[in-house]
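Reviewing the structure listed below.
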Amino acid sequence: MSKKILVTGGLGYIGSHTVVALQEKGFEVVIIDNLSNSSLDVLGGITKITKISPEFENLDLREKQDVNRFFEKYSDLAGVIHFAASKAVGESVQNPLLYYENNINTLVYLLQQLKEKKSSNFIFSSSCTVYGQADELPITENAPVKRAESPYGNTKQIGEEIIADTCKVVPGLRAISLRYFNPIGAHPSAQIGELPIGTPQNLVPFITQTAAGKREQLSVFGKDYPTPDGTCIRDYIHVMDLARAHVVALERLLDGEQQDNYEVFNLGTGKGNSVLEAIQAFEKVSGKKLPYSFAERREGDITSAYADTHKANKVLNWKAEYNIEDAMASAWKWQQKLEEKEQ
Ligand code: NAD
Ligand code: WQD
Numbered sequence: 001m002s003k004k005i006l007v008t009g010g011l012g013y014i015g016s017h018t019v020v021a022l023q024e025k026g027f028e029v030v031i032i033d034n035l036s037n038s039s040l041d042v043l044g045g046i047t048k049i050t051k052i053s054p055e056f057e058n059l060d061l062r063e064k065q066d067v068n069r070f071f072e073k074y075s076d077l078a079g080v081i082h083f084a085a086s087k088a089v090g091e092s093v094q095n096p097l098l099y100y101e102n103n104i105n106t107l108v109y110l111l112q113q114l115k116e117k118k119s120s121n122f123i124f125s126s127s128c129t130v131y132g133q134a135d136e137l138p139i140t141e142n143a144p145v146k147r148a149e150s151p152y153g154n155t156k157q158i159g160e161e162i163i164a165d166t167c168k169v170v171p172g173l174r175a176i177s178l179r180y181f182n183p184i185g186a187h188p189s190a191q192i193g194e195l196p197i198g199t200p201q202n203l204v205p206f207i208t209q210t211a212a213g214k215r216e217q218l219s220v221f222g223k224d225y226p227t228p229d230g231t232c233i234r235d236y237i238h239v240m241d242l243a244r245a246h247v248v249a250l251e252r253l254l255d256g257e258q259q260d261n262y263e264v265f266n267l268g269t270g271k272g273n274s275v276l277e278a279i280q281a282f283e284k285v286s287g288k289k290l291p292y293s294f295a296e297r298r299e300g301d302i303t304s305a306y307a308d309t310h311k312a313n314k315v316l317n318w319k320a321e322y323n324i325e326d327a328m329a330s331a332w333k334w335q336q337k338l339e340e341k342e343q
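Note that the UniProt record's numbering has the sequence shown beginning at 1, numbered continuously upward.
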């Protein structure tokens, strides 16, 4: 039986860590990436860790003919993990059509190919953003999906619906959507990690760049939220734990263990940390004092989000193994490696 897995967006942040996890479990990987938010160097990083160079196709999934040709060439795929998407929330507000094209068309083209097969396995990168500000914490998979705050968030909600609707009429298609909470950290070897282009919008890359002296100080957005220390609470999950969850989810699909041919899982640690706690965790593991000051609330931010992970714990037999300090230590090691490279 084929053990070849297509990983779209496999040179990106979460995709590259998942490629490593797949190779370490004996899967063969073929990556599709158009390098719009990644670099070819990542292939070298993956190969340094696993000693196996994955196959790579530089292809834009928005080009339907190219996608069709790819599936003609690779007709024996055991599964597809679909990471490729645009992910900057603010940019999606400015340029919604880019997001609808890149996040929706690409998904449709892939599913159109899988629909033609007798059986196929598909994993989709979704996000806790689909819950918005949930009424109850921790957030279970049954929490209602709220009206999306941004076109980006909307693409994840619509994406999930497209998969659910397709699974209803294509019994040979088995699919899982994984709703990530806040992915952070890097591979412990520091060979691969997150590569933010321009000024980072997310907390952890901003923290590590500030500690490295690239940014003057961190602005903590809001200090009067109804939380114990007044700052927002998130569920920060190590990218290594996330990567492993994809392998486990894929094995569930391949083993035909699903109750229903479409399932949804939260991927988080189950623990919420405030922005100030995240800073403290970074300071503890790096031994560096982080310059920061309080700023206005950031538009669109929710107060608190953390996962109820019981479903993934029980059904996937998966549990996050790393804590926020482990993740911060790996993010810092990765940042230092990037600085060395720049010198
Ligand atoms: P990333 O930008 O690092 O990786 C995405 C990769 O896809 C990049 O390498 C990019 O070059 C590639 N890509 C984009 N459009 C493409 C196209 N049309 N054709 C081919 N390749 C294309 O992002 P990431 O952080 O690794 O996120 C992966 C997935 O997880 C995305 O779907 C994202 O929406 C989702 N997600 C991310 C987070 C997060 O905070 N990082 C949280 C929840 C969900
Ligand atoms: C975390 C906390 C900020 C930067 C985003 C997307 C979401 C998902 C994950 C893809 C918040 C605070 C941040 C800074 C700060 N992505 N912060 N100063 O907003 O939870 O989620 O990434 O699906 O869809 O919206 O993550 O890392 O941006 O922020 O104080 O310079 O850090 O206010 O409380 P967020 P984040």
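For each residue, glycine too, the CB sits at the ideal point set by N, CA and C. Remember, predicted model here, so these are calculated numbers, not experimental data.
- Selection ILE192, VAL29 and PHE181 evaluated against PRO138 yields PHE181 as nearest (Cα-Cα).
- At a Cβ-Cβ threshold of 9 angstroms, ILE32 and VAL19 do not count as neighbours.
- For PRO183, no alpha helix (DSSP H) encloses it; the enclosing beta strand (DSSP E) starts and ends at 182 to 184.
- Annotated three-state conformation of PHE71 is helix, per DSSP.
- Looking only at GLN258, TYR262, VAL130 and GLY287, the smallest Cα-Cα distance to ALA307 is reached by VAL130.
- Residue list for the ligand WQD: LYS87, VAL89, SER127, THR129, ASN182, GLN201, ASN202, LEU203, PHE206, LEU218, SER219, VAL220, PHE221, CYS232, ARG234, VAL275, ARG298 and ASP301 (CB closer than 6 angstroms to any heavy atom, chain order).
- THR8 is bridged by DSSP to ILE32 and HIS82.
- For SER125, the Cβ falls inside the 8 angstroms cut-off from some heavy atom of the ligand NAD.
- GLY9 sits close to ALA84, with the two beta carbons spaced by under 9 angstroms.
- Bounds of the alpha helix (DSSP H) holding GLU24 are 13 to 24.
- CA-CA distance, TYR262 to ILE81, rounds to 14 angstroms.
- By the Cβ criterion, the region 91 to 105 is in contact with the region 138 to 152, since at least three pairs of Cβ atoms, one from each stretch, lie closer than 8 angstroms.
- Distances between the C-beta of ARG62 and the heavy atoms of the ligand NAD include at least one below 8 angstroms.
- One Cα belongs to ASN273, the other to LEU195, and the distance between them is close to 23 angstroms.
- Between ILE176 and ILE123, the CB-CB gap stays under 9 angstroms.
- In this structure, the beta-carbon distance from LEU250 to PRO183 does not fall below 9 angstroms.
- LEU267 is bridged by DSSP to TYR180.
- Cβ-Cβ separation between ALA211 and TRP318: approximately 31 angstroms, too far for a contact (criterion under 8 angstroms).
- Counting only runs of 4 or more residues that sit fully inside the region 131 to 155, no alpha helix (DSSP H) segment turns up.
- Note that the C-beta distance between LEU290 and ILE207 is below 9 angstroms.
- For TYR236, the uninterrupted beta strand (DSSP E) run begins and ends at 236 to 238, by DSSP.
- Under the three-state reduction of DSSP, ILE302 is assigned to coil, being neither helix nor strand.
- Taking a cut-off of 8 angstroms for Cβ pairs, the region 53 to 62 and the region 211 to 223 do not touch, as fewer than three such pairs fall below it.
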